[in-house]
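Written out below as structure tokens is the structure these notes cover.
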Amino acid sequence: MLKVNNLEVYYGAIKALKGISFEVKSGTIVTLIGANGAGKTTTLRTISGLVKPKAGTIFFKDIDITKMEPHMIVQLGVVHVPEGRRVFPDLTVKENLELAAWTLKDKNRFKEKLEDVFELFPRLKEREKQLAGTLSGGEQQMLAFGRALMVDADLIMMDEPSMGLAPVLVEEIFDTIVKINKEGKTILLVEQNAEMALEIAHYAYVLEVGNIVFEGPAKEVKEDPKVKAAYLGA
Numbered sequence: 001m002l003k004v005n006n007l008e009v010y011y012g013a014i015k016a017l018k019g020i021s022f023e024v025k026s027g028t029i030v031t032l033i034g035a036n037g038a039g040k041t042t043t044l045r046t047i048s049g050l051v052k053p054k055a056g057t058i059f060f061k062d063i064d065i066t067k068m069e070p071h072m073i074v075q076l077g078v079v080h081v082p083e084g085r086r087v088f089p090d091l092t093v094k095e096n097l098e099l100a101a102w103t104l105k106d107k108n109r110f111k112e113k114l115e116d117v118f119e120l121f122p123r124l125k126e127r128e129k130q131l132a133g134t135l136s137g138g139e140q141q142m143l144a145f146g147r148a149l150m151v152d153a154d155l156i157m158m159d160e161p162s163m164g165l166a167p168v169l170v171e172e173i174f175d176t177i178v179k180i181n182k183e184g185k186t187i188l189l190v191e192q193n194a195e196m197a198l199e200i201a202h203y204a205y206v207l208e209v210g211n212i213v214f215e216g217p218a219k220e221v222k223e224d225p226k227v228k229a230a231y232l233g234a
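Now the structure itself:
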């Protein structure tokens, strides 16, 4: 579904991505793990069109999206749940979801998607008239997921969805990611909680200072001694 080839990204003179290549197959959860500054967020932002690469290509469903503008990439079916949730705090829960549905032309489809989101996140239904800025961190993350689902995209990229959440909410968020995947969405997951990410993912790539240094089925990556020592506290 997604193919990234020899991607290079610079921030001024700093080379943030050093020719990385990877792919995400339809129907899977693929995770990128690595320390802060490894290039994980930059990778997602480049796929979204928010950062322009110096070299390399990005193909989504065999369409070259490397130089496309972000709104066109969303229309093709790629959506980005950013780090820090980034909900619109002065809008209600429902208004946040309505804004996300700008790609939907059919009003009936909009109602269906809204019902799907409220079924997956009953707490959002309870708070649909509440300002998003007054929600708890976990509820804001649910809203960020809900916005992504309103787009009706095929590929959902998630950047640090568990950041800043209590352990009990982290489990809930990862359960939700699995549920979304089982309902047919392909997931590209960036996550500092490497243990949980490797637990739910099908395939994993390890990023270190702009390079992919290791890859494989997530269960095998989780058992690798170097990965254990570097990222799993073993």
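Each step along the sequence shown adds one to the number in the UniProt record's numbering, with nothing skipped, and position 188 is 188.
Ideal placement from N, C-alpha and C gives every residue a C-beta, glycine not left out.
In this text the structure is predicted, and so the values were computed from the model without any measurement.
Residue i and residue j closer than 8 Å at C-beta
| i | j | result |
| --- | --- | --- |
| V93 | E128 | yes |
| E83 | T41 | yes |
| I73 | T66 | no |
| P161 | Q141 | yes |
| D17 | G37 | A quick correction: the sequence has Leu, not Asp, at residue 17. It is not a contact, given that the beta carbons lie outside the stated cut-off. |
| L155 | V4 | no |
| A100 | F110 | no |
| K15 | G210 | yes |
Residue span of the beta strand (DSSP E) that contains residue i, given as start and end
| i | result |
| --- | --- |
| N5 | L2 to Y11 |
| I29 | I29 to I33 |
| F22 | I14 to V24 |
| E208 | Y203 to E208 |
Residue i (DSSP reduced to helix, strand or coil)
| i | result |
| --- | --- |
| V151 | coil |
| F88 | coil |
| L99 | helix |
| E191 | coil |
| P53 | coil |
| P217 | strand |
| F145 | helix |
| D159 | strand |
| L124 | helix |
| N181 | helix |
| L169 | helix |
| V198 | Looking at the sequence provided, one finds Leu at residue 198 rather than Val. If DSSP states are grouped into helix, strand and coil, L198 belongs with the helices. |
Sequence-distant residues of the same chain with beta carbon closer than 8 Å to residue i, five excluded per side
| i | result |
| --- | --- |
| P217 | H202, Y203 and A204 |
| Q75 | T103 |
| E199 | F174, A218 and K222 |
| A153 | V74, G77, V78, V79 and K185 |
| E215 | F22, Y203, A204, Y205, V206 and V221 |
Own chain partners of residue i with C-beta closer than 6 Å, once the 5 adjacent residues on each side are dropped
| i | result |
| --- | --- |
| G138 | L165 and L169 |
| G19 | N6 and E8 |
| G133 | P89 |
| L149 | V117 |
| R85 | Q140, Q141 and A144 |
| R45 | V51 |
Sequence-distant residues of its chain with Cβ nearer than 7 Å to residue i (five each side left out)
| i | result |
| --- | --- |
| V213 | V206 |
| R123 | E139 and M142 |
| A146 | For the record, residue 146 in the displayed sequence is Gly; it is not Ala. Answer for G146: L97, V117, F121 and L124, listed in chain order. |
| N181 | I29 and I187 |
| residue 264 | With the chain covering only 1 through 234, there is no way to say anything about residue 264. |
| D64 | T57 |
Terminal residues of the alpha helix (DSSP H) in which residue i lies
| i | result |
| --- | --- |
| K61 | It is not in any alpha helix (DSSP H) - K61 carries neither H nor E in the DSSP assignment. |
| E83 | Where E83 is concerned, there is no enclosing alpha helix (DSSP H), given that its DSSP letter is neither H nor E. |
| V72 | According to the sequence as given, residue 72 is Met; it is not Val. Start and end: P70 to L76. |
| residue 235 | Outside the modelled stretch of the chain, which goes from 1 to 234, sits residue 235, for which no answer is possible. |
| A230 | P225 to Y231 |
| L44 | K40 to I47 |
Cutoff 8 Å: residue i Cβ touching any chain D Cβ
| i | result |
| --- | --- |
| G137 | In the structure shown, chain D does not exist; there is a single protein chain. |
- Message: Using a Cβ distance threshold of 8 Å, determine whether the stretch 50-69 contacts the stretch 5-18, with at least three qualifying pairs required.
- Response: In short, these stretches touch, since the Cβ pair count reaches three.
- Touch check for the stretch 75-85 and the stretch 107-127: three-plus C-beta pairs under 8 Å? Fewer than three beta-carbon pairs drawn from the stretch 75-85 and the stretch 107-127 are found closer than 8 Å, and the two stretches are therefore not classed as touching.
- Query: Does the count of Cβ pairs from the stretch 178-190 and the stretch 28-42 closer than 8 Å reach three?
  - Reply: The stretch 178-190, when compared against the stretch 28-42, does touch it at the 8 Å Cβ threshold.
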